[in-house]
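Chains as they are written, first to last, in my numbering: chain A, 14 to 915; chain B, 22 to 267; chain C, 22 to 266.
First comes the structure, then the notes that go with it.
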Amino acid sequence: MTRGVAAYTFRLLLRSPGRSLALIGGLSLGVALVVSILFFVESSSKQLTQTAIAPVPIDMVGHATVPTISQRQVVGAFRRQPGIQAVEVMDAVDFTTAARPGGAQKTPAGKLVAVDPSFFQSFDVLKVSSGAFDPNGALVTEATATRLGVKPGDTIAVSIPALAAPYQVKVTGIVDASRAQMLFLSTDPSKQGEYQVVTDMVVMDRSLFNRALRTALLGAASAQPAPNATGGAPVVDQQQLIRIDRTALPGSPAAAQTRVKTLARSLERQFTGQIKITNNLGDALGSAKGDALTAKILFIFLGLPGVALAVFLARYAGELYGEAQRREIGLLRARGASSRQVLGIAGLAAGVLGVAGAAVGLGAGTLVTVLARGNNALASASAGTFIGMVPWALAAGLLMAVASSFMPAWNAARQNVIDERRRIKRVERAPFWKRAWLDVGALLAAGVVLFLLNLSGGFKPAGGEGQTLSFSFYLFLAPLLLWIGLTLLLQRLLVKVIPLFARSAAGASSGFGQVAARSMGWRANRLTSAISVVALTLSFGVSLALFTSTYNAQKRMDAHYAVGSDVRVTPALGLAQPAGLRQRLLVPGATGVTAVMRDGSAVVGSERHVVYGINAAKFGSISYLPDSFLVGESATTMLSNLRATPNGVLISRDLANTFSILVGDPVLVRLSTGGGAYKDVRLKAVGIFKQFPTSSQDSDLVMNRAFMAQARGTTAADFYLVRADGTQAGATRVANEIKPLFGSTAPAQVQDLTATLATDQSTLTSLNLSGLGSTERIFTLVIAFAGFGIFLLSAIAERAKEFSTMRAIGAAPSQLRRLLAIEGGSIMVFGLLLSVPVGFIIARVLVTLLTSIFSLPVSGVSVSLSPLLILFAVSAGGLLVALVLTAQALPRLSLGTTLREE
Amino acid sequence: MRAQTTSMPRAVPAASLMPFVIVDDVFKVYREGDVETVALRGASMTVQRGEFVVIVGRSGSGKSTLLNIIGGLADTTAGRVTVAGFDLARSDEELRAMVRSKHIGMVFQADNLVPFLTAEENVALPMQLAGRADAGRRARHLLDELGVGARHGHRPEQLSGGEKQRVAIATAIANEPELLLGDELTGELDTMNTDAVLDALAALNARGMTLVIVTHNMRVARRATRILHIKDGLIEESEAAHGDKS
Amino acid sequence: MATRADEMTPPPDAQAGRAVLAATGLRKRYGRGDGAVDALRGVDLEIRGGEIVAVMGPSGCGKTTLLHVLGGIEPADAGEISIDGTVVSRDERRLAGLHRRTVTFVFQGFGLIPSLSARENVEFPLVAAGVPAGERHRSSLAALADVGLVEWQHHLPEEMSGGQRQRVAIARALVPNPRLILADEPTGNLDVATGEEVLDLLITSARRRRCALVMVTHDPDAGARADRILSLRDGVLVNHTEDLT
Ligand SMILES: Nc1ncnc2c1ncn2[C@@H]1O[C@H](COP(=O)(O)OP(=O)(O)OP(=O)(O)O)[C@@H](O)[C@H]1O
Ligand SMILES: Nc1ncnc2c1ncn2[C@@H]1O[C@H](COP(=O)(O)OP(=O)(O)OP(=O)(O)O)[C@@H](O)[C@H]1O
Ligand SMILES: [Mg+2]
Ligand SMILES: [Mg+2]
């Protein structure tokens, strides 16, 4: 490249600062958007990792598979392993019952566990709530203490099958085991991998255990032939509880999982065949991994139109100066510049602009991220993240620069010089896309893709362990094609509509209104681009707002579905319920309570199924049962049918299909009555449902509670649903009112909407979509503002001569401002109006595509007005500011210089 | 006469034996949607090396179109154009660029100067594009010669009409072309400066530069060796002029 | 405003030969420091009602600058301009207001607004002045009739030839019934024959309306048709009393 080319290029960039800045501004917005989406993906996956591992109390648990290992040796080896923070041992033995010697009260089966005193420091799953952990005594859980009426100082007798006589030990304190659910894996083969809920526990010091029980128990164990071979657990479950250094984990769930798995494997390998590690952390990360992938896809979907928009803006900024660029290139070529030189100039200029745009965009993206989500958004990002962002920013900046400033130059360099020099006529040949009907083609293609996706069951991100990304590539195609098609179609239509509009406006007005209308008709092309920028930008905002409100509504619906109502109260299993519990649950704020009965081991045909008993009269008003959950009938009708038929039953569609049951058919069900006994009942199907609130999987049959109670011979409710006002805050308030009712004496699980939203479902629903929303809202505003501002400023620059002439022949500055205001105002109004339908269409497609992130099918776009109105108000305000600011530039036109140019 | 009827355009060895510019039965039709404007309808002319030819005609008669075609800036619809032995109308853009850079200087009716470059930079531009080392010095020299040296640092918007025109002329002759095509190149000059410019051009002409100038100005026409009248896209008559050779 | 009736009664000072516009000590400097250019270096002049004045001089002597300063397009650095005896140069607003009504322009490059038809272009100064629609319509048609372009009233500038465009520009300069028209090389972009027609039209229209005309020209023939020639050289007037009539 010659010096002449470089010198020319730098003069071009430096001496028309307005133009360079407009282009850099356009580019940097695109880059900034890319950067902030990347920041978002980064910090989201980090957050997903955190959310996933936070509730895991014990990272890994080692189980001895042979009774003869040396716990001390294992612990020593584990502790030496890098990345391990703490290792504690625990020996656990099942007991059949515990009682006071000679007492009548007995506990159900429970666990006797032995730990070192340091256990209480290393893990906080067990907490001494009264008394003390004594090497010569034992702690009992609150449930056990309540059942047996023991207090510290009393003695209890624990019956263990392997022992000849119950083991007697002194109670030295009470332990709070409410956080110990994850200590024991279920031994029930049908619930493999699930945790076993143990309410009655006896906790003793390991030294005492070793002295008093170990030999006897292990002796008994070795007497049993190979305990594992029979599938039963060893008599003494010798565990190592492991806590790893979580701060050293990588941010992304996938990487973190790999790390954790490797660690677990290297622990197992040291004691091959002797230790089996249960990797709680790995499992949690596994489900987060799928979610992180989905989150990435979600962000890309939501961000993609934004990036397309930014490219459009850059293109448009380039186009505004295209005229000048073409003229200059024509002149260069007339002066003997070769194509190589022309392209060299265009390429160098694009390169400089692209790099500058990338740099500014990187800064702006960081700034917007901070603005939208506060400082900690960055704090969580390392320097590496930032550096990793640089190539992306550069690539985005350069790509957009090529699209916006190099490609037009490339075209100009290949055309006849004379055409470049004499573009006196504004009528240009229709662009390629218009002649090829690319817009309609893209829309049709988008439709086909959507249709095919629908046929194949839509978007299914592959979660789960070991599975790889297996979603369809077409998925990305649909919104992209839709976006491109809508953009181009909008342009095609606007170019036709604006002159018509302008003509009728000119006919209807006089004076400056007429002048403005004529001017708009004359500049239909320019106006089309400007309106498109504003409309598409705002439609982007609109679609996001609509998607977010749908997402939130859906999330709440999911939570309502899982909880059953606003709050669910599940009293501890097998405990006598306080009298008048249902009445007492009607705390202030609660509008209704209904009891639900659950039989988890009923049998239909030869399979086990879950049967619920509800109060059909009240259920409808307390639970959330939308009609869309049901097949063929409204919720009111179906519930009143159930009520009218004492032995009526509602059946899930799956079950109905399996057994070919139709409404009106008899259904034979064996209800369990406890202790392995069953009672056969003959029910009558009165309705079929797709989903039924309270449970996401196992609500197979729903019958009248009264009938169920009579059949099973018990009236005890399994849980209660409490309705508050439907909001998260209301649910939390009611839940907080309810919790103290139980105290520590009769533990009950109180599940409310908010907590469910936060944790109970997949980590995905905890995604900070509103954070993304506010990031993109800022971009919506900035891009609309910039696009509009660039249009107005370039309009002033391009029409300097015209405006100056108007001034010279009598127009006052205020009149020119009015002219600009009318033109600008029309762009605004058109843009705002068009953004609504376009935004709605895009939101609809997004919701369709992303259906599978919700556990319930989505019925449509939920419109919540206030965010939309705010969006409109703020953008209208922003556009007005742009208008006022640019109007200020009008009086500064230097009439003398502009009128001198011929 | 027409040595190169076929094949590749390439310089004829005995270039001096043939006319420097040959325009042979050239048609130019501008198409704009459904509207067709015939700007040239079979124009023919030849210009010998070293001639000073003036073209006159009413507005819209096709003068600028003709000059643009000779300068290789536009294709012909039909007919052929040869400049310095190169078949311009049919060659590719690279060759045309080379011919423009090495052999032809042009002054247009308007928009001659790059708006963000100073007068001096504008004049230096074609020399830099051609890779000349002394571009800056020579640009200053040319501006001085045309009486606008004092304005070398002004951008086009800071120049008066006549000053702009003189800077444009300096730009066109910067690479010492063999052929200067001028479209109304003295349109905005007063008599005194017109004479000064004409003197400068006459000196170049004397040193062998061929001049083809479109003008309305009789002062300019008087200096020509030949005057061509163009009417409705046809070169009607060719009259010999006295040619005020100095 | 500009109605036929107005035309019949020329301004009283036209016959009296009183100055429409007087300027003393006008100075204008462009740029600063070494590169500064003194485009006007003390210009005094007086334009009497209805007279036709040609401004001539070498390129770069300040003709365009003078017209811009007189017409209020660019402010002078020093000096005084008075219109009809009222000093206006001190007060930009007043200057603009007065100019709008009494001084109009014809540019070399026509200066038509591309989006407006011929008639709308002619109407524009009246729109800016807030003249009611009916009157605007009448006046603009009358002005177009004066330049012989009534049939072309609905055409856009790009559909007209250079000569026609300049005639529209002349109609536009005439329509507010000004006291003075400033024209900078009004025939500069036209071929000889067309240029002569346009110049003819400009001079006769000005004379008919008894409107003063100051035009910059390089054409000695055009200069010969003026009442008076102002010779400008290096920013000062030389023997500007030269009266050709
Ligand atoms: N790019 C173009 N597209 C369409 N028509 C054109 C184009 N360039 C020129 N014309 C038309 O071709 C004809 C000849 O134009 P040209 O510019 O050659 O005339 P000219 O003799 O130079 O006129 P002038 O003296 O006004 O400069 C005119 O009718 C003009 O409108
Ligand atoms: N913006 C500016 N900055 C610096 N100098 C300027 C500027 N505008 C004009 N000039 C200088 O002021 C001088 C007077 O310019 P003006 O345009 O009035 O000349 P003119 O008499 O109209 O010339 P011409 O006949 O060539 O049009 C010129 O030398 C010009 O270079
Ligand atoms: Mg021409
Ligand atoms: Mg001038």
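Heads up, the beta-carbon is just placed ideally off N, CA and C, and yes, glycines get one too.
Beta-carbon neighbours of residue i, restricted to chain A and to distances below 8 Å
i        : result
Glu141/C : Gln527, Val528 and Arg531
Distance between beta carbons of residue j and residue i, contact taken as under 8 Å
i        : j        : result
Ser135/A : Arg256/A : 7 Å
Arg117/B : Asp108/B : So it is not a contact: roughly 10 Å between Cβ atoms.
Asn660/A : Val694/A : 7 Å
Ala414/A : Gly376/A : Going by Cβ atoms, the distance from Ala414/A to Gly376/A rounds to 17 Å, so no, they are not a contact pair.
Lys274/A : Gly295/A : 5 Å
Leu177/C : Ile202/C : The Cβ separation is near 24 Å, so there is no contact.
Three-state secondary structure assigned by DSSP to residue i
i        : result
His239/C : coil
Asp46/B  : strand
Leu176/A : coil
Val64/C  : strand
Met39/B  : coil
Pro421/A : helix
Phe792/A : helix
Gly477/A : Since pLDDT at Gly477/A reaches only 38, below the 50 mark, its modelled position is unreliable, and no value is offered.
Ala32/B  : Per-residue confidence for Ala32/B stands at a pLDDT of 45, beneath the threshold of 50, marking its modelled position as unreliable; the derived number appears in the next sentence. The answer is coil: DSSP assigns Ala32/B none of H, G, I, E or B.
Leu883/A : In the sequence under discussion, the amino acid at residue 883/A is Ile, which differs from the Leu named in the question. Ile883/A falls in the helix class under three-state DSSP.
Val994/A : One cannot answer for residue 994/A here, as it falls past the ends of chain A, which runs 14 to 915.
Met181/C : coil
Thr215/C : helix
Ala900/A : helix
Arg948/A : Only positions 14 to 915 of chain A appear in this structure, which leaves residue 948/A out of reach.
Thr212/A : coil
Asp165/B : helix
Met213/B : helix
9 Å Cβ cut-off: residues of chain A touching residue i
i        : result
Gln149/B : Thr15, Arg16, Gly17, Val18, Ala20 and Tyr21
Ala154/C : Ser523 and Gly524
Below-8 Å beta-carbon distance, residue i vs any chain E residue
i       : result
Ala57/C : Among the chains of the structure shown, chain E does not appear; the protein chains present are A, B and C.
Residues that residue i contacts on chain B, provided the C-beta gap is smaller than 9 Å
i        : result
Leu137/C : The premise fails here: Leu137/C is roughly 21 Å from chain B at the closest Cβ pair, so nothing lies under 9 Å.
Ser807/A : Near Ser807/A there are no residues of chain B at all, since even the closest Cβ is about 15 Å away, more than 9 Å.
Ser182/C : Ser80 and Gly81
Residue i: contacting residues in chain C (beta-carbon distance under 9 Å)
i        : result
Ala323/A : Going along chain C, no residue has its Cβ under 9 Å from Ala323/A, so there is no contact; the nearest lies around 31 Å.
Under 7 Å by beta carbon: chain B residues contacting residue i
i        : result
Asp212/C : Arg79, Ser80 and His237
Partners in chain A for residue i, counting only beta-carbon separations shorter than 7 Å
i        : result
Pro146/C : Ile822 and Gly823
Glu95/C  : Leu908 and Gly909
Chain C residues whose Cβ lies nearer than 7 Å to that of residue i
i        : result
Arg913/A : Thr85
Thr541/A : What Thr541/A touches in chain C: nothing, since even the nearest Cβ is about 16 Å away.
*Whole runs of the beta strand (DSSP E) within the region 620-656 of chain A, excluding any shorter than 3 residues*: 620-627
_Closer than 6 Å: residues whose CB approaches a heavy atom of ligand 3_ = Lys84/B, Ser85/B, Gln130/B and Asp204/B
*Pick out the complete alpha helix (DSSP H) segments inside the region 104-140 of chain B, 4 residues or longer, and give them in chain order.*
114-124
_Extract the residue ranges of the beta strand (DSSP E) inside the region 87-151 of chain C, only unbroken runs of 3 or more that lie entirely within it._
99-104 and 124-127
*Would you mind listing the beta strand (DSSP E) stretches within the region 498-572 of chain A that are 3+ residues and don't spill past its ends, in chain order?*
none
*Kindly provide the ranges of any alpha helix (DSSP H) runs that are 4 or more residues long and lie completely inside the region 328-387 of chain A, ordered along the chain.*
335-347 and 352-386
*asked:* Threshold first: 4 residues or longer. Then list the alpha helix (DSSP H) segments lying entirely within the region 241-303 of chain A, N to C.
replied: 266-283
*Going along the chain, which unbroken runs of the beta strand (DSSP E) with 3 or more residues stay wholly within the region 706-738 of chain A?*
714-717 and 732-736
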